[in-house]
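Residue numbers (the UniProt record's numbering): 1 to 151.
Beta carbons are placed, not taken as given, at the ideal position from N, Cα and C, and that holds for glycine.
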Amino acid sequence: MKDKTIDYVLRTTWLAVNKMYNEEAAKFETTMATGFALLSIDPEKGTPSTSLGPKMGMEATSLSRTLKTMEEKGLIERKPNPEDGRGVLIHLTDFGREKRAYSRERVLTFNEAVKSNLSEEKLEHFFEVAEVINNLISNKKIYNQKEHILK
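Here it is in structure tokens:
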């Protein structure tokens with residue numbers, strides 16, 4: 001892994017995780033995106049549809065397709081937002097709560113498997129590196145400083 005770039009390691013690792021979750025989800029005729037959406041919806045109060053996209057890092061078009069499929073499968077229902085008459089809250093159905101619990105269990109199993117193979121120190125370093133990368137990106141400190149780095 002020494003000669004590999006950081007983005008290569010991130011990309012290939014994420015693709016492997018994505019594939020693993022989709023293989024698990026396929027056993028129940030669903031997708032990782034659906035599982036992630038189930039986990040992102042507040043099981044008690046529901047979640048405004050407008051906040052789900054940013055929360056999940058999904059584009060509106062992809063999110064709309066995912067929510068439509070989830071509604072067709074009886075996982076969610078849309079209800080008017082009592083605090084905003086124009087808005088919609090996404091609520092889990094009983095079936096959606098059941099599938100959410102399954103998705104949560106799969107995520108926790110993955111986390112425990114990784115944690116059991118790493119020291120606490122290495123795991124802390126992993127999260128520190130991820131935080132640095134996210135901060136550099138969100139604060140636009142990578143390409144805006146490119147000229148200074150290349151000189």
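In the three-state reduction of the DSSP assignment, threonine 30 falls in the coil class, being assigned neither a helical nor a strand state.
Measuring C-alpha to C-alpha distances from glutamate 59 to each of Ala37, Phe127 and Pro82 identifies Ala37 as the nearest. The continuous beta strand (DSSP E) containing proline 80 extends over residues 76-81. Its chain contains no residue whose beta carbon lies nearer than 6 Å to that of alanine 130 once the 5 sequence neighbours on both sides are disregarded.
Residue pairing by DSSP places proline 48 opposite Leu89 in a beta bridge.
Membership of methionine 70 in the alpha helix (DSSP H) is indicated by the continuous run 60-72. The residue from Asn18, Arg11, Lys73 and Asp84 with its alpha-carbon nearest to that of valine 107 is Asn18. Here aspartate 84 is bridged, per DSSP, to Asn81.
For glycine 96, the uninterrupted alpha helix (DSSP H) segment begins and ends at 94-115. Three or more beta-carbon pairs separated by less than 8 Å are not found between the region 109-116 and the region 65-83, which leaves the two stretches without contact.
At the C-beta level, isoleucine 90 and isoleucine 41 come within 8 Å of one another. Relative to tyrosine 102, the option among Lys27, Leu136 and Ser138 whose CA is nearest is Lys27.
Counting C-beta atoms within 10 angstroms of its own C-beta, serine 119 has fewer than 16 neighbours from the protein chains shown and is therefore classed as exposed.
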